[in-house]
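J.: I have a structure here, written as C-alpha cells, and I will follow up with some questions on it.
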Amino acid sequence: MSVPFHLLLSALLGGAPGILADEESRQDPEPHHLIRLLTESGTPLAVRTLAFSPDGATLLVSTAQGGTMIIRTRDGEVVGEYDLAPFSMAFSRDGTRLLLISERDTVLLDTRRWSPVPIDDAAEPGYVGLRFERRGGRILVSELTPGGPVEALGSVRVGDELVSVGDGRGGPMTEVLGRTVEFAQEQIAGPAGTFVRLGIIARGETSTETHTVPRQALRRDGNSFRFLPAAAADAGENLALLADRQRRYVLRSARTGRVVARLSPEAVESIGQHAISPDGERFALLAGRIDGPGVAIELFEVVGSESTAVVPFPGETWYQVAFTPDGSRLLVGTWDTVEILDLERGEFIEPLPLAPPGSGPEDARPAGGDPAAAAAIRSADRNAFGPSGGPAGPRRLRCLAASPRGLVAVGGQSGAVGLWDLGSRKLLHLIEARPDAPVEHVAFSPDGRWLASYLEGELHLLDVSGIRAEPGSGPDPGGEAR
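Just so we're aligned: 21 in this note's numbering is position 19 of the sequence shown, and the numbers increase by one with no gaps anywhere.
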C-alpha cells in the first residue's frame, strides 16, 4: 500500500478525530471477514502480534514484512498502515494514544491526529527519605523523612550505621565504610520505581541486616514534599513491554510511553512466556526455575517493580500464558490442556482439558455464520480436538485468549479454533479454517464481540457475540485446588 497512513485513516473517519467508532459504525456488522496477508509473490506474511482498539472498532496487525496494518472490524477493510513492525503494541485505555515498540524504534502516536508524541525517557529520580552524618568514622542515620519509604519500613532508626549499599533487589553490595556521606548518597540514588538495599547495623548491635527499600518520586505540596508511589500517574494503564540488555522486562505506559516498571526475575529464568494483567497492575512470567529443575510462575506487582509470589507449575509443556479479563486467573496453555491458576489462592484449580467426551450442545447454531464462509462456525462434536494423547499424542494448543464473556479461544495445531466455556469447562463451538496449517494467533476485542485468528496468510475476523457461556456459569466459578 502506498497511500500515506494518516490520509487513509482520515478517509476512514471522514475527518473525525481518533479511531474510536461512533454509533453508526457499530450497526449491522458482517459476521465474518477474511483478510489475506500475503506478499506480492504469494508468501504468507509473518504476523508478530495483534491488538484491538478499546472499543473493538479497529484491529492492528503487526507483520514482519509489511509494517502494521489497520483493519476496520465492521467490514474487514484494510484502511491504513504504519511503517513499523512492533513486537509489542498497546492502545491507551481511552484510545487516544497508541504505543508501538520494535527493535528499530519506540513510537507513541496521538490517534486523534496520527502524529508522533515525544516520549520523555529521562528517568525520574527516586528517594528513600534518609539523611546521614559522619561521626566517629561512621556514616550514621541522622534523620528519617516523614512519609518516606524508609520510615514506612519501621526497622531503621536515627543513630543506626550504614555500612553497605546494593542496587536492586539482589546482587553485590558496595561497602561504604570509611567513605564520605556524599559517596553513600550517590550509591543510594536511582530512578523512581526501583529498589535499593541498605546494609544497616542497628544502634547498640554488631551484626548487619539488609533492608530493601523502594525509591519513590517526590512532589512539592505547598511548603513541603510528599512521596509518590512508583509510576502513580500511569498506574492501571495499558502497557507494552520489551526486554533490556540486563534481561529485565521493561514496561511502558501506552498513555505516555514512559517506563513504569523494570522487572528483574528472581526465581525463574528471564526467557519464558509472559502476560500483563488487563488492569496493568500485575505481570506473570512462566520459565525454568533458577534454583533447580522444573518450571514456575513468578508474579510481579507493576507499581513498585516487586516480585510478589512464585508458584510451581505442575505441567510438562507450556506454550502461552494469559490473564482472564477480570485478572483473577492465569491461564497456561499446555500440550492438550489449559491449566488455571487461581491468583487469590495461589493454587492451580480444575483445568480445562482440550479433549472433551462430547461436551458440546447437540443443537448449537453458528453465530450468524455464512455456511460458505472460509471459516465456518459449527457446534462441537465429541472428536473436535481429537482423542486424548498427552505429549506423545497430537498437540492441540498453539495459542489462546480469554474473553470478558467467559469464553476461552484455543488455536489448535490443525487450523481450528475452539471456543470454550471457562465456567463449565465445555467446548461450545469450533471454528474451522483450513486443516493444513496451525493457528498462530488468537485475540478477542475488549468487549468480547470480535475474535481474530491468523494462520498462514489468512486473518479471520468473526463476530462471536452470539456464542455465550452457559447461564449462571460466569467467567469461572472456581474449582477444587489440585
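For glycine and all other residues, C-beta sits at the position ideal for the given N, C-alpha and C.
Residues in its own chain within less than 7 Å of residue 133 by CB, not counting five upstream and five downstream?
T.: Here the question's residue 133 lines up with position 131 in the sequence shown. Correct list, in chain order: 144 and 145.
J.: Just checking my contact of residue 230 with residue 222 at CB under 8 Å: how many whole Å lie between their CB atoms?
T.: Position 228 of the sequence shown, counted from the first residue, corresponds to residue 230. Position 220 of the sequence shown, counted from the first residue, corresponds to residue 222. Contact flag wrong, Cβ pair sits at about 11 Å.
J.: Inspect the beta-carbon positions of residue 270 and residue 300 and report whether they are closer than 9 Å.
T.: For the purposes of this step, residue 270 is identified with residue 268 of the sequence shown, where counting begins at 1. For the purposes of this step, residue 300 is identified with residue 298 of the sequence shown, where counting begins at 1. Yes; because the gap between Cβ atoms is below 9 Å, this pair is in contact.
J.: Can you give the beta carbon distance from residue 219 to residue 128, rounded, assuming they're within the 8 Å contact cut?
T.: The count along the sequence shown starts at 1 and reaches residue 219 at position 217. The count along the sequence shown starts at 1 and reaches residue 128 at position 126. At roughly 6 Å, the Cβ-Cβ gap stays under 8 Å, so residue 219 and residue 128 are in contact.
J.: If you follow the beta strand (DSSP E) that residue 220 is part of, which residue opens it and which one closes it?
T.: Residue 220 sits at position 218 when you count from the first residue of the sequence shown. Segment 219-223, the beta strand (DSSP E) holding residue 220.
J.: Report the residue from 190, 151, 420 and 92 whose alpha carbon sits nearest the alpha carbon of residue 485.
T.: Given that the chain is displayed from residue 3 to residue 484, the structure contains no residue 485 and the question cannot be resolved.
J.: Can you tell me which of the three DSSP states residue 135 falls into?
T.: Against the sequence shown, residue 135 aligns to sequence position 133. If DSSP states are grouped into helix, strand and coil, residue 135 belongs with the strands.
J.: For residue 339 and residue 446, I'd like the C-alpha separation in whole angstroms.
T.: In the sequence shown, residue 339 corresponds to position 337, counting from 1. In the sequence shown, residue 446 corresponds to position 444, counting from 1. Straight-line Cα distance between these residues: approximately 20 Å.
J.: Taking the straight line between their C-alpha atoms, what separation do you get for residue 438 and residue 196?
T.: On the sequence shown, residue 438 is found 436 positions in, with the first residue counted as 1. On the sequence shown, residue 196 is found 194 positions in, with the first residue counted as 1. Taking the straight line from one Cα to the other gives about 48 Å.
J.: Can you find the residues in the same chain that come closer than 6 Å, C-beta to C-beta, to residue 272, ignoring five residues on each side of it along the sequence?
T.: By one-based count along the sequence shown, residue 272 stands at place 270. Once the five neighbours on either side are set aside, the close Cβ partners of residue 272 are 249.
J.: CA-CA distance, residue 334 and residue 224?
T.: Sequence index remark: in the sequence shown, residue 334 carries index 332 (1-based). Sequence index remark: in the sequence shown, residue 224 carries index 222 (1-based). Using only the alpha carbons, I get a separation of about 49 Å.
J.: Would you mind giving the Cβ-Cβ distance between residue 110 and residue 99, rounded to the nearest angstrom? I have them listed as a contact below 8 Å.
T.: For the purposes of this step, residue 110 is taken as the residue at position 108 of the sequence shown. For the purposes of this step, residue 99 is taken as the residue at position 97 of the sequence shown. That belief holds up - the Cβ atoms of residue 110 and residue 99 are roughly 6 Å apart, short of 8 Å.
J.: Between residue 399 and residue 410, how many whole angstroms is the CB-CB distance? I'm expecting something under 8 Å.
T.: Residue numbering aside, residue 399 sits at position 397 when the sequence shown is read from its first letter. Residue numbering aside, residue 410 sits at position 408 when the sequence shown is read from its first letter. Contact flag wrong, Cβ pair sits at about 11 Å.
J.: Can you tell me the Cβ-Cβ gap for residue 309 and residue 302, rounded? I've got them flagged as a contact below 8 Å.
T.: Counted from its first residue, the sequence shown places residue 309 at position 307. Counted from its first residue, the sequence shown places residue 302 at position 300. Confirmed, Cβ separation roughly 5 Å.
J.: Please tell me whether, using a cut-off of 8 Å, the distance from the CB of residue 470 to the nearest non-hydrogen atom of the ligand PLP is below it.
T.: What this structure holds is no ligand at all, so the ligand PLP is not there to describe.
J.: Taking the beta carbon of residue 472 as the centre, do at least 16 other beta carbons fall within 10 Å, making it buried, or is it exposed?
T.: For the purposes of this step, residue 472 is identified with residue 470 of the sequence shown, where counting begins at 1. Per the 10 Å Cβ criterion, exposed.
J.: Is it right to say residue 373 is buried, meaning 16 or more other beta carbons lie within 10 angstroms of its own, or is it exposed?
T.: Numbered from its first residue, the sequence shown carries residue 373 at position 371. Its pLDDT being 34, under 50, residue 373 is placed unreliably by the model, and nothing is read from it.
J.: Within the same chain, show all residues whose beta-carbon is closer than 7 Å to that of residue 423, passing over the 5 residues directly before and after it, in chain order.
T.: The count along the sequence shown starts at 1 and reaches residue 423 at position 421. If we look at residue 423 and ignore the five residues flanking it on each side, its Cβ neighbours are 408, 409, 430, 471, 472 and 475.
J.: Which residue comes first and which comes last in the beta strand (DSSP E) that contains residue 275?
T.: On the sequence shown, position 273 is the one that residue 275 refers to. Residue 275 -> beta strand (DSSP E) spans 275-278.
J.: Taking the continuous alpha helix (DSSP H) assigned at residue 152, which residues delimit it?
T.: Locating residue 152 in the sequence shown gives position 150, counting from the first residue. That run of the alpha helix (DSSP H) goes 151-155.
J.: Would you decide whether residue 82 is buried or exposed? Buried here means 16 or more other CB atoms lie within 10 Å of its CB.
T.: Here the question's residue 82 lines up with position 80 in the sequence shown. Buried: at least 16 other Cβ atoms inside 10 Å.
J.: Quick one: grab the DSSP three-state call for residue 248.
T.: As a working mapping, residue 248 is identified with position 246 in the sequence shown. Coil, per DSSP.
J.: With three or more C-beta pairs closer than 8 Å as the rule, is the region 339-348 touching the region 197-204?
T.: No: the two stretches stay apart, fewer than three of their Cβ pairs being nearer than 8 Å.
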